[in-house]
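And the structure:
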């Protein structure tokens, strides 16, 4: 049976995964670019605390801020940043895009690419982005399994973070340190996490 995580647990996972990427990008010199950040590379312990894993495709980033590493495009469909897919130019902002896709998965309960969905709904970012930037439509993207567990204010804030992370232009994406800073107050505002919503 698939496990359904509640809103509080999803928020905490989002924050802990963001802290993992922030460490790689901001506290190691030169920075480490994960290059294959995705939901299946986030390990959860028995208390549902998140750890970033699988560094098999990781690459050392550029020494100077704003630089990039040119490399063969590797990664998982649906998570790869558009500029990396097109040019092979890899930056920490490529990981930020992938993180945004994971954040969308946590919000929606959907996978990044689903060929079984109707036309226009198969690619998560393409489907969700216009809804995330509209306060009236943002609730349409939420996983129905979490209904009643969140406030609209929280949803709007987390959706705004996700929308910034999946911007097509890398320069418009935030640093992972900014993502962490934005998520910390949301996680602190939550009650002690109840771990799991329900089993399906």
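In the UniProt record's numbering, the protein residues as written are 1 to 200. All C-beta atoms in this analysis are idealised placements derived from N, C-alpha and C, irrespective of residue type, glycine included.
Which one of the options has the shortest CA to CA distance from residue i?
i           : options            : result
residue 142 : 168, 178, 103, 167 : 103
residue 107 : 138, 18, 43, 59    : 138
residue 156 : 183, 169, 178, 145 : 183
residue 30  : 113, 60, 99, 18    : 60
residue 238 : 6, 4, 13, 9        : Any property of residue 238 remains undetermined from this structure, which presents the chain solely from 1 to 200.
residue 10  : 120, 94, 160, 149  : 149
residue 187 : 5, 16, 32          : 16
residue 89  : 169, 27, 162       : 169
residue 20  : 38, 7, 122, 4      : 38
residue 174 : 91, 152, 119, 105  : 91
residue 158 : 171, 44, 99        : 99
residue 129 : 83, 120, 163       : 163
residue 154 : 122, 93, 185       : 185
residue 144 : 171, 114, 105      : 105
residue 79  : 51, 161, 111       : 111
residue 46  : 115, 124, 5        : 5
residue 101 : 87, 81, 48         : 81
Suppose the cutoff is 7 Å on Cβ atoms and the five residues either side in sequence are ignored; what does the same chain contact list for residue i look like?
i           : result
residue 54  : 36, 41
residue 131 : 137, 138, 140, 141
residue 22  : 176, 177, 180
residue 126 : none
residue 135 : 156
residue 121 : 127
residue 84  : 73, 90, 94
Going by the DSSP bridge assignment, what does residue i pair with across the sheet?
i           : result
residue 44  : 50
residue 10  : Residue 10 pairs with nothing; no bridge assigned.
residue 123 : 113
residue 73  : Residue 73 pairs with nothing; no bridge assigned.
residue 33  : 59
Looking at the secondary structure, which residues open and close the alpha helix (DSSP H) in which residue i lies?
i           : result
residue 57  : Careful: residue 57 lies outside any alpha helix (DSSP H) and carries neither H nor E.
residue 141 : Looking at the DSSP string, residue 141 is not in any alpha helix (DSSP H), and its letter there is neither H nor E.
residue 83  : 82-87
residue 182 : 176-188
residue 95  : 92-108
residue 161 : 152-165
Looking only at its chain, what residues have a beta carbon closer than 8 Å to the beta carbon of residue i, apart from the 5 residues adjacent to it on each side?
i           : result
residue 32  : 24, 25, 55, 58, 59, 60, 61
residue 172 : 164
residue 18  : 99, 176, 179, 180, 183
Beta-carbon within less than 6 Å of residue i's beta-carbon, same chain only, minus the 5 sequence neighbours each way: which residues are those?
i          : result
residue 7  : 146, 149, 150
residue 95 : 21, 33, 34, 37
residue 28 : none
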